[in-house]
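A short write-up of the structure that comes next.
2 protein chains.
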Amino acid sequence: MIRLHVEPSLSAGARVELPADQARYLLTVMRLQTGEAVLLFNGRDGEWRARLAETSKRACVLEVEEQTRAQAGVPDVELVVALVKRAALETIVEKATELGAARVRLVTTRRTNADHTNVARLQAIATEAAEQTERLDVPQILAPEKLERLLDGWDANRQLMFCDEAGDDPQAEWGGAAGRAQPALDALGGNESRSWAILIGPEGGFDPAERARLRELSFVTPVTLGPRILRADTAAISALTLWQAALGDWA
Amino acid sequence: MIRLHVEPSLSAGARVELPADQARYLLTVMRLQTGEAVLLFNGRDGEWRARLAETSKRACVLEVEEQTRAQAGVPDVELVVALVKRAALETIVEKATELGAARVRLVTTRRTNADHTNVARLQAIATEAAEQTERLDVPQILAPEKLERLLDGWDANRQLMFCDEAGDDPQAEWGGAAGRAQPALDALGGNESRSWAILIGPEGGFDPAERARLRELSFVTPVTLGPRILRADTAAISALTLWQAALGDWA
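Protein chains in written order, with the numbering used here: chain A, 10 to 260; chain B, 10 to 260.
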């Protein structure tokens, strides 16, 4: 059944008028007929079955009938990702939604070229992915900020899993190991923290000063993701998978 | 430094003539000059540094100098994947290469529409991904065969991790649980087998008869990948990640 994310409150008997793009999708693309049912969620009121009650050139109104699922959230893990190329960034947002990230923070780093991106488009990708993956909420996509500023204001109660692609390779240009990066499962195993973030760097990796600072922060856990070089999108998916399996709702 | 997969044997002093597409890439796209170095691997002889020795309209010859890495393989895990849509299948082959799958078997299932695909193109995608991920081998992509026939001839010494998207949902149409599907990490933990395969189904899922047969086979381990619905490409990446972290070379 078609699932749609909507803004209005949902309760039995409520009438929800869809914005033009969703109306067009339902009526023109999916050819929904009056009386047919869809599922609605808004991130607050759970999931509800609703029927197409009224259509006209100007409006598409759904009548809400019955709750099908109670509201449920996702674990408190956010993805902090450098502005990588557009296609990879869109993949990351889509997959982070499927994998249950609570929100996605975009950051610029010393080796990031871009400092802006189309956040509204990324938010739309997250919404569509949430509709398809049966989530009851949509992760918020936060506009880019500088990594250094983000770290300055970091809440130390939130652990940060730092996916360090240079790892502990002795030939890597970053040499001053303040702490050995462990395989992600080993590093996460037994950790009691409930609030986490996962940091994924840009295509060119973090620069040595960034890496040194990250390793010195008390809330940072440096991890490795295997012996092969992963693209940023693969690293984001793998890291979220391991976090969900070790500490999240996959257990 | 540029890395290329080549067919000929590699040893100090050997001269390797590149096929036209690689010659064009080196000379026209990357504008490599005579005397500049690249890295070569062939899946048998490790990785070697070589220099551009000779170029003409007809030939591009590299002179092999010194071995930079000894040959090393990947763990013995293969990905068995249903013929999903082209873009998703190409992503899966690229990511399976990054994540160290030994080979990729394409299968058709009862709910697969297509029964053929461009295997040569998928093999080229795997080769390019291997060049970029610093693998020393390229996973073989095997032409599609029927899942039922593959299972008929299966070597029972190879375990099969069955990613069952219907899982143990009591509302799922497959009801006759011959064994409860566990979270993947729990199911893999402590397993001693060295040879594995991971099975990823088509967009529409497996049909009930396929699911029932899979669950009855002694070499099959049914697993779940969390409470949200994953697309086939996400499921393939997550499953390979968890296998590598639990039993492969990420530990």
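C-beta atoms are modelled at their ideal positions from N, C-alpha and C, and glycine is treated no differently.
Contacts that Thr243/A makes with chain B (C-beta to C-beta distance below 8 angstroms): Lys104, Glu107, Leu108, Ile246
Segment limits, alpha helix (DSSP H) that includes Lys94/A: Unbroken run through Lys94/A: none, as it is neither H nor E.
Runs of beta strand (DSSP E) lying entirely within the stretch 35 to 98 of chain B, each at least 3 residues, in chain order: 46 to 50, 56 to 64, 69 to 78, 86 to 91
Can Ile134/A be considered in contact with the ligand NAP, in the sense that its beta carbon sits closer than 8 angstroms to one or more heavy atoms? Because no ligand of any kind appears in the structure shown, any question about the ligand NAP cannot be addressed here.
Leaving out five residues before and five after Gly22/A in sequence, what residues of the same chain have Cβ atoms less than 6 angstroms from its Cβ? Hits under 6 angstroms: none found.
Since Asp146/B contacts Ala139/B with CB under 8 angstroms, what's their CB separation in whole angstroms? 7 angstroms
Mind checking who Arg130/B pairs with in its DSSP beta bridge? Looking at the DSSP output, Arg130/B bridges to nothing.
Flag this pair as yes or no: are the beta carbons of Arg203/A and Pro84/A separated by less than 9 angstroms? yes
Less than 9 angstroms between the C-beta atoms of Asp242/A and Gly109/A, yes or no? no
For Lys104/A, which residues of its own chain have a beta-carbon under 6 angstroms away from its beta-carbon, when the five flanking residues on both sides are left out? Ile246
Would DSSP call Val113/B helix, strand or coil? strand
Are there 16 or more other CB atoms within 10 angstroms of the CB of Arg78/A, so buried, or fewer, so exposed? exposed
With a threshold of 9 angstroms between beta-carbons, can Trp183/A be considered close to chain B, or not? In this prediction, Trp183/A has a pLDDT of 41, which is less than 50 and means its spatial position is unreliable; what the coordinates show is noted afterwards. Chain B, which has no Cβ nearer than 9 angstroms to the Cβ of Trp183/A, makes this no.
Quick one: residues in its chain with C-beta nearer than 6 angstroms to the C-beta of Leu223/B, no 5 flanking neighbours on either side, listed in chain order? Phe171, Val229
Tell me, to the nearest whole angstrom, how far the beta carbon of Thr126/A is from that of Pro153/A; I am working on the premise that it is less than 8 angstroms. 6 angstroms
Against chain B, does Leu251/A count as a neighbour if the rule is that its beta carbon must be under 9 angstroms from one of theirs? Chain B, which has a Cβ nearer than 9 angstroms to the Cβ of Leu251/A, makes this yes.
Against Asp258/A, what residues of chain B qualify as contacts under a CB-to-CB distance less than 8 angstroms, listed in chain order? Gly235, Pro236
If I'm right that Trp252/B touches Trp205/B with Cβ under 8 angstroms, what's the distance once you round it to whole angstroms? 6 angstroms
Assign Thr43/A to buried or exposed, taking buried as 16 or more other Cβ atoms, counted over all protein chains shown, within 10 Å of its Cβ. exposed
Quick check for students: name the residue ranges of the alpha helix (DSSP H) that lie wholly in the stretch 181 to 252 of chain A, counting only runs of 4 or more. 193 to 197, 217 to 225
In chain B, what lies closer than 7 angstroms to Arg67/A by C-beta? Those within 7 angstroms of Arg67/A in chain B number zero; the least Cβ separation is about 34 angstroms.
Is DSSP giving Glu26/A helix, strand or coil here? strand
C-alpha distance - Leu197/B paired with Leu256/B, whole-angstrom precision: 7 angstroms
So what's Glu154/A in DSSP terms, helix, strand or just coil? strand
Amino acids of chain B, ordered along the chain, whose beta-carbon sits closer than 7 angstroms to that of Arg240/A: Glu107
Closest by CA to Gln191/A, which one among Glu75/A, Leu208/A, Asp173/A? Asp173/A
Check whether the stretch 11 to 31 of chain B touches the stretch 54 to 64 of chain B, counting contact only when three or more Cβ pairs, one atom from each stretch, lie closer than 8 angstroms. yes
Starting from the C-beta of Glu107/B, find all residues in its chain whose C-beta is less than 7 angstroms away, skip the five residues before and the five after it, and write them out in chain order. Ala138, Thr142
I'd like to know whether the C-beta of Glu99/B is nearer than 9 angstroms to at least one C-beta of chain A. no
For Val93/A and Pro211/A, which I take to be in contact (beta-carbon distance under 8 angstroms), what is that distance rounded to the nearest angstrom? 6 angstroms
Take Ala260/A and list the residues in its own chain whose beta-carbon comes closer than 6 angstroms to its own, dropping the five residues that flank it on each side. none
If you run the structure through DSSP and keep just helix, strand and coil, what is Leu169/A? It is a strand residue.
For chain A, find out if any of its Cβ atoms is closer than 9 angstroms to the Cβ of Arg144/B; answer yes or no. yes
Quick check on Glu219/B: buried or exposed, where buried means 16 or more other Cβ atoms within 10 Å of its Cβ? Looking at its Cβ environment, which holds 16 or more other Cβ atoms inside 10 Å, Glu219/B is buried.
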